[in-house]
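Residue numbers (the working numbering), protein chains in the order written: chain A, 537 to 948; chain B, 537 to 948. For every residue, glycine included, the Cβ atom is placed at its ideal position computed from N, Cα and C. Note that the structure is a prediction, hence the values are computed from the model and not measured.
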């Protein structure tokens, strides 16, 4: 019999917080009747995406929640960005995030974003770099959103243990890329990158696009600055791992990268920006729609995290209320008979810290036959008393597989 | 910006207990208003220093609480004692605890403590042993508190997999030291030790100090009995690991050894004896003082454990009340803005067992922005309902790093 049970993991990015002087968190303060209803009808607890005391990025947290060990599959931002822009990567590819930048003849960085060149200009310059070959290594380059881009090295004997070319500031020279360990692979990779940057400068500096920019008094995009090296690791695709057809609804490139990396279909929603002004209801409708076609949907709503990074308590509260409204639509359209719904976050982003912390996040699992506990509100304090106690991100998919009858019995 | 947040881990040695016939533990029975206040203002839980069901020593428990894996860095008591007496040890040194003892001409042990010889006598005898060389191995020996001492072998091809020379009883012969595995290193180490014991006997038996003792009718200290072999392992120093300048306040040699091993500065307190009669208030004042100079202070108060080992319920209760008084002084002098304070134990020492057990220990973390829970009393039962749920010793430092903004983010 085909398993018809669907699963949703709904991630409110940066959800958790620490109490303020009045002992309140934005989640406690916000009016979130739908979240509270879900908590009341589900089984609650606290969750650390990776482990107690570990302060995760959104990327490593999402990997862990999807059941992938970030210590094994996460080697740096590069591969995620490369997956995010839609490159078809292979195991062993070494990928970097890049900026187009402006340097003078001594390679001193004058503008780290090359005057924010347009996507159209970037696409022209991309063609100059993409497809080159250096020492038997294929160079793949793709621009994204104008001055940003992704560089991939494909070939034998490469390593991601190399330093950034990007000096991360202006007025200083481009970093010479150095091997970060004693391997010959790291040495070779650094050499290839240093050669590449020289060739890129020679090819771009007098490129017609840049001559045109100079005429307009704009800084030329005459170099690329690689950073965040990572190697593409072997990763079992989501469907192969769980036998569920999966999709992802999110506005941010980082999470899109994760989704593509593990093989979740991206669902584009108009106006989904990954900011507090995202198209909340568009995403809610997309989720309800996706559940008709997919067994599993990962949703990430980023706005609360953005508000936290800005230290904006009121905005975080407001975003949480908008998300509650969005959930209200979703819960009008799903049934406990068909859907298991996990509502949680990827990490805490306390207002006082303006950055991620290791504080655990509230979680509720809602659906048929879960062991409903006494928790009546969805927040950091009430969920601590829930029936799930404390779990790790890696447990979530396992619990969902179990609830939906998809996991294998170990033993007789 | 310099991180000014301080951290204290305050260990009540042997804190936890099992309920008596009336369902009470000494901690429940004792009047501990300050501990209860800390619990009320902090986040509580239960903690196992190593893991559920693991019955730790004070040494392995403290290592784990400080974030060191005892399964990797703890190889035996010898190295701890050697660090404790202030020896400058090197990775690979093999260290033993020793007693000066009295043997007859057939090496039968007549007195395992050589009539408790004085520190002055021991220092004279120490000079005979210290500095010898056997088969290319340097012999280092240091006496401590009279009949006790530490023996260190330094050289190539040594192992700590050797049996004790100490027979742990009188009226029997000194044990021949045997290799405990098939390695040539263990064989070589055992041979060197057996040679050493013969040489020590020859050198000490007619030493003027012993001739003098015989004249007074006292047993001569004519042998040393090594036990508790351990190899000194590579250990990342506390400052390098956490970037916090750390100190330790404790009365017992074992914990002093741990402190020196990981690189915490020892703070000497007059009258700190590691017994129920220790100078409680002296330690409290030393802690308040240390917080002016250090980022991190580990405090160990041993008395409750001593009382437990004696099966003395009332004394344990009394010690806990004295510690509460000590904490009252401390909490008059620290502020939630500056200090994160962890109050816990290293292990349970149930009165009924007169020894360490694996029962978890109450823990509370107090400081700015912790998620205060409903717990109003500090004991084994109330803390089980706290917001921390259950954690391991290894999590404590990670949580403190996170609360004080010192940990690295993993990912983006």
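- In chain order, 839, 842, 843, 851, 855 place their CB closer than 7 Å to the CB of residue 812 of chain A, counting only its own chain and leaving out the 5 sequence neighbours on each side.
- Contacts between residue 790 of chain A and chain B, judged by CB atoms closer than 7 Å, involve 948 in chain order.
- 9 Å or more divides the Cβ of residue 566 of chain B from the Cβ of residue 825 of chain B.
- At a cut-off of 9 Å between C-beta atoms, residue 872 of chain B does not count as an interface residue with respect to chain A.
- Here residue 808 of chain B carries a coil assignment [DSSP, helix/strand/coil].
- If you keep only unbroken beta strand (DSSP E) runs of at least 3 residues inside the segment 884-937 of chain B, you get 897-902, 925-928.
- Apart from sequence neighbours up to five positions away, the residues of its chain that approach residue 819 of chain B with a beta-carbon distance below 7 Å are 785, 805, 808, 835, 837, 862, ordered along the chain.
- Not a single CB atom of chain B sits nearer than 9 Å to the CB of residue 707 of chain A.
- B:689 is the residue among B:689, B:580, B:605, B:748 whose C-alpha sits nearest the C-alpha of residue 618 of chain B.
- Cα atoms of residue 775 of chain A and residue 890 of chain A: separation of roughly 36 Å, rounded to the nearest angstrom.
- In the DSSP assignment, residue 683 of chain A falls outside any beta strand (DSSP E), carrying neither H nor E.
- Distance check between residue 782 of chain B and each of B:649, B:828, B:926, B:611 places B:828 closest, using alpha-carbon atoms only.
- A direct Cα-to-Cα measurement between residue 629 of chain B and residue 593 of chain B gives close to 22 Å.
- Residue 748 of chain B has its alpha-carbon roughly 15 Å from the corresponding atom of residue 655 of chain B.
- Residue pairing for residue 600 of chain A: DSSP places it in no beta bridge.
- Within chain A, the residues 555, 559, 917 have their CB atoms less than 9 Å from the CB of residue 908 of chain B, given in chain order.
- Taking the CA atoms as reference points, residue 620 of chain A sits about 46 Å from residue 879 of chain B.
- Using beta-carbon distances, residue 933 of chain B counts as an interface residue toward chain A, with a partner under 9 Å.
- In this structure, DSSP gives residue 874 of chain B a state outside helix and strand, which the three-state scheme calls coil.
- Neighbours of residue 941 of chain B in chain A, taken as residues at a C-beta separation under 8 Å, are given in chain order as 889.
- Below the 9 Å Cβ cutoff, chain B contributes 946, 947 as neighbours of residue 606 of chain A, in chain order.
- Interface criterion not met: the Cβ of residue 831 of chain B is under 9 Å from no Cβ in chain A.
- Only exposed fits residue 588 of chain B, as fewer than 16 other CB atoms lie within 10 angstroms of its CB.
- With distances taken between CA atoms, residue 741 of chain B lies nearest to B:661 out of B:870, B:711, B:661.
- Comparing alpha-carbon positions, the option among B:794, B:935, B:894, B:915 lying closest to residue 604 of chain B turns out to be B:794.
- Not a single C-beta of chain B is nearer than 9 Å to the C-beta of residue 849 of chain A.
- With a 10 Å radius around the Cβ and a threshold of 16 neighbouring Cβ atoms, residue 642 of chain A comes out exposed.
- Taking a Cβ-Cβ threshold of 9 Å, none of the residues of chain B is close to residue 699 of chain A; the smallest such distance is about 17 Å.
- Taking 9 Å as the CB threshold, residue 920 of chain A lines the interface with chain B.
- Where residue 619 of chain A is concerned, the enclosing alpha helix (DSSP H) starts and stops at 613-620.
- Residue 581 of chain A is a Cβ neighbour of residue 922 of chain A, given a cutoff of 9 Å.
- Shown here, residue 677 of chain A sits in a strand according to DSSP, grouped into three states.
- Its chain contains 670, 675 as the residues whose beta carbon lies nearer than 7 Å to that of residue 732 of chain A, once the 5 sequence neighbours on both sides are disregarded; these appear in chain order.
- Taking 9 Å as the upper bound on Cβ-Cβ separation, chain A lies near no residue of the segment 753-783 of chain B.
- Less than 9 Å separates the beta-carbon of residue 579 of chain B from that of residue 900 of chain B.
- The DSSP assignment places 630-639, 645-647 as complete runs of the beta strand (DSSP E) inside the segment 620-658 of chain A, in order along the chain (cut-off: 3 residues).
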